[in-house]
Amino acid sequence: MDKVLNSVQEYIKSGEYFVDAKRWYNFEYIYPLVHRTFLLIFSVVLFVLFLSVVINFETLLPVKRQVRYVISAKSLKSATITNANHIKHNAINSIADIMIRNYVIHRESYDYDLLRPQYIFMQNNSTRIIFRQFANFMNIDNPLSPVMRYQKSLKRSVNISSVVYHKNNKAEVTFTSLAKNASNDILENMVWQATINFEIDAINIHLPPNSRFNFAVTGYKLKLIEDKSKKIR
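Residue 191 in the UniProt record's numbering sits at position 191 of the sequence shown, with consecutive numbering throughout.
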């Protein structure tokens, strides 16, 4: 018994008791806490990284390759070439004028048999928001949709009267719309004004052949100016 007490006293006097006690305390309480804290921080960092990867991946969807101004023709006879020099000393404005007029004609005209190419043209020449607005307007759930108003029996044509350009790629297009039935009776004769915002690439003569020239409508607002069909009635 004395030997045990003596060994304990020596153990305490040597300081090893306190060293071992500290090690035991660290092992039982400190190290598990540090370990759990490390696991928590690691889990949070891993979750943030995973979430950022998911968000970045979703921003890339849907993966689409937009092809603008590619107009296929069944033969060379049906292809037309428009000179881009009708606005003197300003080639880029001439090109913009051609694209704006072509855009309004494609957007505001209606032929049931040509709905698919009309949608493709609008998608390739509009921002995603503008195309979505067009698709919602054409949807059959909209009572003002041309598909519901004209259906298969009527066709709508557009004649542009004037185009006025402002700063910051903004244009006001005045045009007349005519809707006719199979008997060529005029059922709609209206004058409209479309306010258009657009973006267009600058001309670069050093681009290689077959390079893509970008044009897209970024804003489109339509206002009725006059309903001539009411005057006729």
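For glycine and all other residues, C-beta sits at the position ideal for the given N, C-alpha and C.
Computed from a predicted structure; not experimentally measured.
task = Classify residue 132 as buried or exposed, calling it buried when 16 or more other Cβ atoms lie within 10 Å of its own Cβ.
result = exposed
ask   = Closest by CA to residue 164, which one among 138, 183 and 194?
value = 194
inquiry  = Distance check for residue 145 and residue 318, CA to CA, integer angstroms please.
reply    = For the chain, the structure presents residues 1 to 233; residue 318 sits outside this window and is missing.
query = What does residue 114 pair with, by DSSP beta-bridge criteria?
reply = According to DSSP, which records beta bridges pairwise, residue 114 is partnered with nothing at all.
ask   = Taking C-alpha atoms, which residue in 199, 225 and 229 lies nearest to residue 126?
value = 199
request  = Look at residue 154 and residue 171 and say whether their C-beta atoms are less than 7 Å apart.
outcome  = no
inquiry  = Assuming contact is defined by CB atoms lying nearer than 7 Å, are residue 203 and residue 135 in contact in what I supplied?
reply    = no
key: Alpha-carbon to alpha-carbon, residue 216 and residue 47   = 38 Å
inquiry  = Please report the straight-line C-alpha distance between residue 117 and residue 41, rounded to a whole angstrom.
reply    = 54 Å
inquiry  = Can you give me the C-alpha to C-alpha distance between residue 95 and residue 137, rounded to a whole angstrom?
reply    = When rounded, the distance between both Cα atoms is 28 Å.
inquiry  = Check for me: the beta strand (DSSP E) holding residue 227 runs from which residue to which?
reply    = 215 to 227
Residue of 222, 218, 186 and 223 minimising C-alpha distance to residue 129 = 218 is the residue among 222, 218, 186 and 223 whose C-alpha sits nearest the C-alpha of residue 129.
query = Is the shortest distance between the beta-carbon of residue 100 and the beta-carbons of chain C less than 7 Å?
reply = The structure shown contains no chain C, having only a single protein chain.
ask   = Should residue 110 and residue 156 be called a contact, given that it needs their Cβ atoms to be closer than 7 Å?
value = yes
ask   = Which residues bound the beta strand (DSSP E) around residue 283?
value = In the structure as shown, the chain starts at 1 and stops at 233, and residue 283 therefore has no counterpart that could be examined.
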